[in-house]
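Engineer: Residue numbers (full-length UniProt numbering), protein chains in the order written: chain C, 1 to 497; chain S, 1 to 98; chain H, 1 to 498.
Here it is: the structure, laid out below.
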Amino acid sequence: MTDIIKLTAAETAAKIANGELTAVEVTEAHLARIEAVDEKVHAFLHVDREGALAQARKVDEKRAAGEKLGPLAGVPLALKDIFTTEGVPTTVGSKILEGWIPPYDATVTKRLKAADVVILGKTNMDEFAMGSSTENSAYGPTGNPWDLTRIPGGSGGGSSAALASHMAPLAIGTDTGGSIRQPAAVTGTVGVKPTYGGVSRYGMVAFSSSLDQGGPCARTVLDAALLHEVMAGHDELDSTSIDAPVPPVVEAARNGSVAGLRIGVVKEFRGEGYQAGVMQRFDESVELLKELGAEVVEVSCPSFTKALAAYYLIAPSECSSNLARFDGLRYGLRTGDDGSHSAEEVTSLTREAGFGPEVKRRIMLGTYALSSGYYDAYYGSAQKVRTLITKDFEKAFEDVDVLISPTTPTTAFPIGERADDPMAMYLADLCTIPSNLAGNAAMSLPCGLAPEDGLPVGLQIIAPAMKDERLYTVGAAVEAAFAARWGHPLLEEAPAL
Amino acid sequence: MPGITREEVAHLAKLARLELSDGELDHFAGQLDAIIGAVAAVSDVSDADVPPTSHPLPLTNVMRPDEVRPSLTPEQALSGAPAQEQQRFKVPQILGEE
Amino acid sequence: MTVTYEDALASYEPVMGLEVHVELGTKTKMFCGCSTELKQDPNSQTCPTCLGLPGALPVVNAIGVESAIKIGLALNCDIAEWCRFARKNYFYPDMPKNFQTSQYDEPIAFNGYLDVQLEDGEVFRVEIERAHMEEDTGKSLHVGGATGRIHGASHSLLDYNRAGIPLIEIVTKPITGAGERAPEVAKAYVAELRELIKALDVSEARMEQGQMRCDVNLSLMKPGAEKFGTRSETKNVNSLRSVERAVRSEISRHAEVLNGGGTIIQETRHFHEDTGSTTSGRVKEEAEDYRYFPEPDLVPVAPSREWVEQLRAGLPELPRLRRNRLREEWGITQHDMQSVLNAGAIGPIVATIDAGADAAAARKWWMGELARHANETGVELGELPVTPEQVARVAALVQEGSLNDKLARQVLEGVLKGEGTPDEVVEARGLKIVKDEGALGAAVEEAIAGNPDIAKKVRDGKIQAAGALVGAVMKATRGQADAGRAREMILEKLGVEG
Ligand SMILES: [Mg+2]
Ligand SMILES: [Zn+2]
C-alpha cells in the first residue's frame with residue numbers, strides 16, 4: 001500500500017483525480033499523522049479537523065458528480081497562522097489575538113478554498129512573523145523534525161516542520177526577511193518568496209507591509225509551483241498587487257534545465273559567520289550547476305553588506321505602525337478593564353501583556369527610527385540603502401539570469417541558543433533579506449546535509465522581479481540532479497519521529 | 001551615533017503605548033542601544049545623493065471605482081469585541097480631549 | 001482688566017490660520033467600499049478595512065482623488081504630478097488603526113489662493129498652503145456622565161460608520177493684514193469655501209452636520225514685528241457665526257494675556273457657542289510626535305496632466321464671479337446679494353428663474369416667506385418641501401392676476417404642509433381671486449349700500465376714502481377679490497375719475 005503521507009502533492013492530486021484515493025482518505029491519513037507526531041513537533045496551533053474533512057468530502061462529491069477537479073483538489077495544506085480564516089481562530093502566534101475568530105477570509109485563504117485545497121489547520125510561527133526560530137511564538141516553540149532540540153527556522157517554523165514531518169505535503173508561509181526560505185533551508189524543504197506583489201497580502205496580518213510576501217512551501221519544486229499558481233495573481237483588494245498574469249511557474253518546474261544559463265554567485269555571501277559545512281555544500285552545488293551546463297560567474301553586490309541594517313530599521317518602523325491597531329478595544333485581548341483604568345491605560349496594559357519581548361523590541365526600535373529628529377538618519381537612510389541594493393541587483397541581472405547563495409549562514413541552531421541575543425538571531429537572515437528589500441523573487445531548496453552536524457543546508461536561487469519562473473526552471477534541474485545523486489529524497493534521511 | 005538612554009526608552013514606550021516594567025526598561029535600553037549601534041551603519045549614506053525607496057514596485061495610481069461593496073453585518077463587526085453595548089464597541093472611559 | 005476688541009487691535013496685528021476639513025460626498029469611503037450613507041444603525045457600514053481588522057488593506061477611491069483635484073484647481077493650487085499618502089501615527093479610540101491615513105509633505109494640491117469678497121465689496125485674497133486627502137474617524141458616545149460629555153463618563157461606546165469617510169483638509173497660509181476685519185475675513189473665507197465646495201458638487205458642505213469643520217489658529221504680533229506670536233488652536237468651530245466670534249474672542253483673550261505680561265501657550269482650545277468664548281483643552285504633556293512615513297499599503301498617486309486639464313475644463317463658474325454676474329442680472333446691491341448668499345438662496349432663486357419666474361419675484365419669495373419658514377423650522381432653504389418649479393408656478397399665478405400676495409402666501413403654506421402642488425392647494429383651499437364681474441359687482445353694490453357715509457365722501461372727491469370700500473369688498477369675498485378691479489368698479493359706480 002502507498003504511504004499516503006509520503007506522496008507529493010502532485011501525486012496525491014493525481015491519485016484523487018483518478019480515483020485511486022479519496023480526498024477524505026488522504027485527509028484522514030494526514031490528520032492521523034498530526035495526531036501521532038505533533039505533540040512532539042508542535043507545528044500546529046489549531047487543527048481544523050471538521051473543516052478539513054468537510055472540504056475533503058466536497059472534493060469527493062465533485063469527483064463523483066463528474067466535475068473537473070483543479071490541480072490541487074483534495075490535497076491537504078498547513079496554513080501559517082498569519083492568514084485570516086473566517087470562523088477559524090487566527091492568532092499570528094500572539095497572545096494579543098488569542099481566541100480571535102476573524103469574520104473574513106484572506107484572499108489566499110479564499111483562493112485555496114476555491115481550488116479545493118484541504119486546509120488542515122493553522123501553523124505555529126514567531127509572534128507577528130518576527131523571528132527566525134519560531135521561539136517567539138506565544139504558544140511555545142516548534143521542533144525541527146531533523147532534531148527536535150533545534151529550531152525549525154522562522155518565522156514560518158510551523159509550516160516547514162509540518163512539511164518535513166509529513167503532516168502535510170503543502171504549506172504556506174510569509175517572507176518578510178526570509179521567513180519562508182530560512183525555515184525551508186533548515187528543514188530540508190522547498191520554499192519560495194514570490195516577487196513582491198505576486199501574492200495578495202489582503203488578510204495576511206501585516207508585519208512590514210513593503211516587505212511581507214506570502215508564498216508556497218512544499219517538499220518538491222513542482223509542488224511549490226502548483227501551489228504558487230493557485231495562490232498568486234492580481235487582487236483588487238491589495239493596492240500593491242501586480243496586475244499581470246502569474247509567471248508560468250508550473251511549466252517551468254516541469255521543464256527544469258540550466259543549460260546555457262548564466263548564474264551569478266554573490267561574492268558578499270560568504271566569509272566570517274558562515275558554517276564550513278554549509279559552504280561545502282554550496283560549493284558542490286556550484287560544481288553541479290556547471291556540470292549541468294550552466295555558466296557560473298562571480299558577481300559583487302557591495303551594498304548587501306548594509307542590507308541587514310536597513311532591514312532592521314524599515315521592518316520595525318512599519319511594524320510599529322501596523323501593530324498599533326492591537327489596542328484591546330475592538331478585538332483580541334483586553335487587560336485591565338476593571339473599572340479603575342481609562343481606555344488609554346487599558347490599551348497600554350493590553351499591549352504590555354499581549355506582546356512578547358521581540359515584538360516590543362521591534363515596536364520600540366521602529367518608534368525610535370521614525371521619531372522626529374531621527375527619521376532622516378535612520379528610516380530615511382535605510383530607504384536610500386534600499387535603492388542601492390535594488391541597483392546592485394539590477395546591475396547583476398544585466399549579466400546573469402539568476403543569482404545563487406547559501407540560504408542561511410548556518411544549519412539549524414539549538415532552541416534557546418540565540419533567544420536573548422537579538423543581533424545573533426538577526427544574522428540568520430543575512431542572505432535572504434536583500435531580496436525582500438528589492439522585491440525580487442527567491443527560492444530555497446535542499447542541497448544536502450552539512451557534514452559536521454548532519455543537518456540540511458539550503459541553496460538560495462534569486463531571480464529578477466516578475467521572473468519567478470526562473471527559480472523553478474533552475475530549482476527543478478538542481479532538484480533532479482541531487483535526487484539522482486542521492487537516490488532518494490533528502491527527507492528520507494531524517495530520523496523517524 | 002548617540003546611544004539610547006533609559007529615559008528615551010521610557011518615552012518610546014509611552015509613544016508606543018507599552019506599559020513596560022522597570023526591569024523591561026533596563027533590559028530594552030541595553031538591547032536597543034546595541035541594535036541601534038549596529039544598524040547605524042546605514043547613516044553612511046544619509047548625505048548621499050540617492051533617492052529613497054519606500055516601495056519595491058514602481059506602481060502608481062491604483063484606484064477603485066466609487067462603488068459600494070457589501071459591509072460586514074454589525075454582528076460580524078462586533079464579533080471580536082471584548083465588550084459591547086447598544087451595538088457599539090464598549091470601552092472604558094476615554095481620557096483624551098473632548 | 002478686560003481688554004476691548006478695539007484696544008487689542010490698536011496694539012496688535014492678528015495672524016490667522018484656518019484649517020477646514022470637508023467630508024466628501026462620495027458613495028463609498030476613502031479606502032474601502034463601505035457606503036457613506038450614514039444610517040442610524042451603528043457599525044452597520046464597516047468592513048475589515050475601516051474597522052482596522054488584522055490583515056485588511058486600503059484601496060484608494062478614485063472619486064476621492066478626483067474631488068481633491070477639483071478642489072485644488074478651484075483654489076488655484078498646483079496639482080502634484082506625484083504624491084503619496086502617509087501615516088499619521090497616534091493612538092485614539094475612535095481611530096481603528098491608531099494611525100490616520102493622510103498626506104504629509106506631499107499633498108495633492110498646494111500653493112493656491114481664494115479671493116473672498118467682504119460686505120463692502122472689497123476683495124481679500126486668502127493664500128492657500130495646501131489641500132490634502134485623508135480619512136475621518138469613528139464616533140464615540142460617552143455614557144454614564146451627566147452631560148454625555150467625555151468628563152465624568154463611566155465608559156464610551158464606539159461606532160465606526162463614519163471611520164474612513166473621505167476628508168479633504170484645506171489649510172491656509174498665515175493670513176496677515178486683515179487687522180480689525182480679521183473676524184469678517186475668517187467668516188467670509190469659510191463661507192466662500194463652502195460655496196465653492198457646493199458649486200463643485202463634491203460635498204454638500206453642511207456645517208451643522210459636520211460635513212465641514214473649521215479649526216481656527218490665531219496669534220497676535222506687534223506691528224512691525226519680525227516673528228509671529230505663539231498661536232492657539234481652536235478646534236471644531238462649526239458655524240459661520242462661530243468662526244467670526246471665535247476669532248474675535250481669541251484676539252481679545254490673547255491681547256489681555258499679553259498686556260498683562262503673560263505668555264500665550266501653544267494649546268488646543270474649545271469654542272463654546274453659549275458664551276462665545278474659548279476654554280483651554282487638554283494641555284499636552286509633550287509635543288505630539290506623529291512619526292509620519294509613506295503609507296506602505298498604498299502606491300503613489302500621479303495624476304496625469306491630461307486628467308488634470310480635463311477636470312480644469314469641467315470646473316463650474318466660480319461662486320464669487322457667478323454672484324457678481326447674477327447681482328448685475330438681478331439688479332440688486334452688493335448688500336442684498338450678501339443676504340441672499342447668507343440665506344443659501346442663490347441656488348433656489350436661480351432654479352426658480354430657470355423655471356420661468358422673473359428675478360424679483362423669485363428673490364421675493366425665497367428671501368421672504370420661504371426664508372422665514374426655513375428659519376422657523378431650522379432647515380436649509382434647499383431642504384424645504386417646495387421645489388423651485390412650484391415657487392415659479394406661484395409667481396406665475398400672481399403675475400397673471402389669479403393670486404394676490406396674500407393668497408400666494410397661503411398657497412405656499414399649503415405646499416409646505418404637503419397639501420400638494422400650488423394648483424392643487426389653490427383648488428382645495430378655494431383661493432382663486434374672484435374675477436367673476438357679476439359676483440364682484442354684487443359685492444361692490446353691497447359695500448356702497450352698507451357704507452353710505454363713505455360713499456358720499458368719495459363722491460365728494462375724497463377718492464382715498466375708497467380704500468375702506470375696497471376693504472369691505474375684500475372682506476365680503478374672503479380676500480379672493482382682485483382688489484384693483486374692485487377699486488375700479490367702485491369709482492365707476494360712484495361716477496368718479498380714478
Ligand atoms: Mg488632518
Ligand atoms: Zn469599510
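Idealized CB from N, CA, C, for every residue including glycine.
Rounded to the nearest angstrom, how far is the Cβ of tryptophan 82 of chain H from that of proline 300 of chain H, given a contact under 8 Å?
Structural biologist: Working through the third sequence from its first residue, we reach residue 82 of chain H at position 82. Working through the third sequence from its first residue, we reach residue 300 of chain H at position 300. Right, the Cβ-Cβ distance comes to about 6 Å (below 8 Å), so this counts as a contact.
Engineer: When you compare each of C/Thr149, C/Pro89 and C/Glu135 to glycine 121 of chain C by their alpha carbons, which one comes out closest?
Structural biologist: Position 121 of the first sequence, counting from 1, holds the residue named residue 121 of chain C. Among C/Thr149, C/Pro89 and C/Glu135, the Cα nearest to that of glycine 121 of chain C is on C/Pro89.
Engineer: According to the Cβ coordinates, are serine 200 of chain C and alanine 138 of chain C closer than 8 Å?
Structural biologist: Numbered from 1 along the first sequence, position 200 holds the residue referred to as residue 200 of chain C. Numbered from 1 along the first sequence, position 138 holds the residue referred to as residue 138 of chain C. Not a contact, by the Cβ cut-off of 8 Å.
Engineer: Return helix, strand or coil for leucine 18 of chain H, following the three-state DSSP convention.
Structural biologist: To locate residue 18 of chain H, count along the third sequence from 1; it is residue 18. Strand at leucine 18 of chain H.
Engineer: May I ask you to check if the CB of serine 102 of chain H is nearer than 7 Å to at least one heavy atom of ligand 1?
Structural biologist: On the third sequence, residue 102 of chain H is found 102 positions in, with the first residue counted as 1. Checking the Cβ of serine 102 of chain H against ligand 1 gives yes.
Engineer: Tell me where the beta strand (DSSP E) around tyrosine 113 of chain H begins and ends.
Structural biologist: Your numbering for residue 113 of chain H matches position 113 in the third sequence. Where tyrosine 113 of chain H is concerned, the enclosing beta strand (DSSP E) stretches over 109-117.
Engineer: Given 7 Å as the limit, tell me if threonine 46 of chain H has its C-beta closer than that to any heavy atom belonging to ligand 2.
Structural biologist: Taking the first residue of the third sequence as 1, we reach residue 46 of chain H at position 46. Correct: threonine 46 of chain H has its Cβ closer than 7 Å to ligand 2.
Engineer: In chain order, what are the residue ranges of uninterrupted alpha helix (DSSP H) at least 4 long that sit wholly in the region 338-379 of chain C?
Structural biologist: DSSP runs (the alpha helix (DSSP H)) wholly in the region 338-379 of chain C: 343-354 and 357-370.
Engineer: Output yes if chain H places a C-beta closer than 8 Å to the C-beta of methionine 125 of chain C; else output no.
Structural biologist: Translated into the one-based positions of the first sequence, residue 125 of chain C becomes position 125. No, methionine 125 of chain C does not count as interfacial toward chain H.
Engineer: Run down chain C in chain order and give the residues with a C-beta less than 8 Å from the C-beta of asparagine 375 of chain H.
Structural biologist: Counting from 1 along the third sequence, the entry for residue 375 of chain H is found at position 375. By Cβ distance, chain C contributes nothing, its closest Cβ being about 41 Å from asparagine 375 of chain H, past 8 Å.
Engineer: Where does cysteine 447 of chain C sit, in a helix, a strand or coil, going by DSSP?
Structural biologist: Here residue 447 of chain C refers to the residue found at position 447 when the first sequence is read from its first residue. Reduced to three states, the DSSP call for cysteine 447 of chain C is strand.
Engineer: Taking Cβ positions, are glutamate 135 of chain H and methionine 30 of chain H nearer each other than 8 Å?
Structural biologist: To locate residue 135 of chain H, count along the third sequence from 1; it is residue 135. To locate residue 30 of chain H, count along the third sequence from 1; it is residue 30. Going by C-beta atoms, glutamate 135 of chain H is nearer than 8 Å to methionine 30 of chain H.
Engineer: Taking 8 Å as the threshold (beta carbon to beta carbon), is methionine 1 of chain C in contact with chain H?
Structural biologist: If you number the first sequence from 1, residue 1 of chain C lands on position 1. Residue placement at methionine 1 of chain C is flagged as unreliable, the pLDDT there being 42, under the threshold of 50; a coordinate-derived value is accordingly withheld.
Engineer: Would you decide whether glycine 229 of chain H is buried or exposed? Buried here means 16 or more other CB atoms lie within 10 Å of its CB.
Structural biologist: Numbered from 1 along the third sequence, position 229 holds the residue referred to as residue 229 of chain H. When all chains shown are included, glycine 229 of chain H counts as buried.
Engineer: Taking contact to mean at least 3 C-beta pairs separated by less than 8 Å, is the region 207-216 of chain C in contact with the region 157-174 of chain C?
Structural biologist: These segments touch.
Engineer: Just how far apart, CA to CA, sit aspartate 466 of chain H and glycine 368 of chain H?
Structural biologist: Within the third sequence, numbered from 1, the residue matching residue 466 of chain H stands at position 466. Within the third sequence, numbered from 1, the residue matching residue 368 of chain H stands at position 368. Note on identity: in this sequence residue 466 of chain H is alanine, with aspartate being the wrong assignment. Using only the alpha carbons, I get a separation of about 30 Å.
Engineer: Taking 7 Å as the cut-off, is the C-beta of lysine 95 of chain C nearer than that to any heavy atom in ligand 2?
Structural biologist: Along the first sequence, read from residue 1 onward, the residue named residue 95 of chain C stands at position 95. Result no, Cβ not under 7 Å from ligand 2.
Engineer: Is the shortest distance between the beta-carbon of threonine 60 of chain S and the beta-carbons of chain H less than 8 Å?
Structural biologist: Reading the second sequence from its first residue, position 60 is the one you call residue 60 of chain S. Closer than 8 Å: yes.
Engineer: I want to verify the contact list: residues of chain H whose CB lies under 8 Å from the CB of threonine 367 of chain C, in sequence order.
Structural biologist: Along the first sequence, one-based indexing puts residue 367 of chain C at 367. Neighbours of threonine 367 of chain C on chain H, chain order: Arg291.
Engineer: Looking at chain H, which residues of the region 66-94 of chain C have a Cβ within less than 9 Å of any of its Cβ atoms?
Structural biologist: Residues Ile82, Phe83, Thr84, Thr90 and Val92.
Engineer: Determine which residues of the region 18-41 of chain H have a Cβ less than 8 Å from any Cβ of chain S, and write them out in chain order.
Structural biologist: Within the region 18-41 of chain H, the qualifying residues are Thr26, Lys27, Thr28, Cys32, Gly33, Cys34, Ser35 and Asp41.
Engineer: Runs of 3 residues minimum, wholly inside the region 19-60 of chain C: which ones carry the beta strand (DSSP E) assignment?
Structural biologist: Complete beta strand (DSSP E) runs here, min 3: 44-47.
Engineer: From this set, H/Asn451, H/Leu370, H/Val394 and H/Ala392, which residue's C-alpha is nearest proline 385 of chain H's C-alpha?
Structural biologist: For the purposes of this step, residue 385 of chain H is taken as the residue at position 385 of the third sequence. Minimum Cα distance to proline 385 of chain H is reached at H/Leu370.
Engineer: For glutamate 37 of chain H, which of H/Asn61, H/Arg162 and H/His21 has the nearest alpha-carbon?
Structural biologist: Reading the third sequence from its first residue, position 37 is the one you call residue 37 of chain H. Measuring from the Cα of glutamate 37 of chain H, the nearest candidate turns out to be H/Arg162.
Engineer: What does a CB cutoff of less than 8 Å around isoleucine 490 of chain H pick up in its chain, not counting 5 residues either side in sequence?
Structural biologist: For the purposes of this step, residue 490 of chain H is taken as the residue at position 490 of the third sequence. These residues qualify, in order along the chain: Val444, Ala447, Ile448, Val458, Ala466, Leu469, Val470 and Val473.
Engineer: If you draw a straight line from the alpha carbon of phenylalanine 124 of chain H to that of leucine 412 of chain H, how long is it in whole angstroms?
Structural biologist: For the purposes of this step, residue 124 of chain H is taken as residue 124 along the third sequence, with counting starting at 1. For the purposes of this step, residue 412 of chain H is taken as residue 412 along the third sequence, with counting starting at 1. Straight-line Cα distance between these residues: approximately 39 Å.
Engineer: Does the distance from the CB of arginine 386 of chain C to the CB of leucine 437 of chain C come in under 8 Å?
Structural biologist: For the purposes of this step, residue 386 of chain C is taken as the residue at position 386 of the first sequence. For the purposes of this step, residue 437 of chain C is taken as the residue at position 437 of the first sequence. Contact: yes.
Engineer: Would you identify the three-state DSSP class for alanine 131 of chain H, choosing helix, strand or coil?
Structural biologist: The sequence position of residue 131 of chain H within the third sequence is 131, counting from 1. Here alanine 131 of chain H sits in strand by DSSP.
Engineer: Can you tell me whether alanine 481 of chain H is buried or exposed? The criterion is at least 16 other CB atoms within 10 Å of its CB, across all chains shown.
Structural biologist: Here residue 481 of chain H refers to the residue found at position 481 of the third sequence. Burial call: buried.
Engineer: So which residues on chain H does arginine 201 of chain C lean against when the C-beta distance must stay under 9 Å?
Structural biologist: Taking the first residue of the first sequence as 1, we reach residue 201 of chain C at position 201. Chain H residues near arginine 201 of chain C: Gly55, Leu57 and Asp297.
Engineer: Quick one: does aspartate 243 of chain C have its CB under 8 Å from some CB of chain H?
Structural biologist: For the purposes of this step, residue 243 of chain C is identified with residue 243 of the first sequence, where counting begins at 1. Not an interface residue.
Engineer: Let me know if isoleucine 4 of chain C comes out buried or exposed under the rule of 16 or more other beta-carbons within 10 Å of its beta-carbon.
Structural biologist: Sequence index remark: in the first sequence, residue 4 of chain C carries index 4 (1-based). Buried, because 16 or more other Cβ atoms sit within 10 Å of the Cβ of isoleucine 4 of chain C.
Engineer: For a quick check, are the C-beta atoms of proline 145 of chain C and alanine 494 of chain C less than 8 Å apart?
Structural biologist: Translated into the one-based positions of the first sequence, residue 145 of chain C becomes position 145. Translated into the one-based positions of the first sequence, residue 494 of chain C becomes position 494. Contact: yes.
Engineer: With distances taken Cα to Cα, identify the nearest neighbour of glutamine 87 of chain S among S/Pro74, S/Gly96 and S/Leu95.
Structural biologist: Within the second sequence, numbered from 1, the residue matching residue 87 of chain S stands at position 87. Of the candidates S/Pro74, S/Gly96 and S/Leu95, the one whose C-alpha sits nearest the C-alpha of glutamine 87 of chain S is S/Pro74.
Engineer: Hey, is threonine 73 of chain S close to ligand 2, as in C-beta under 7 Å from one of its heavy atoms?
Structural biologist: Position 73 of the second sequence, counted from the first residue, corresponds to residue 73 of chain S. False, no ligand heavy atom lies under 7 Å from that Cβ.
Engineer: List the residues that DSSP assigns as beta-bridge partners of histidine 270 of chain H.
Structural biologist: In the third sequence, residue 270 of chain H corresponds to position 270, counting from 1. Beta-bridge pairing links histidine 270 of chain H to H/Lys235 and H/Thr279.
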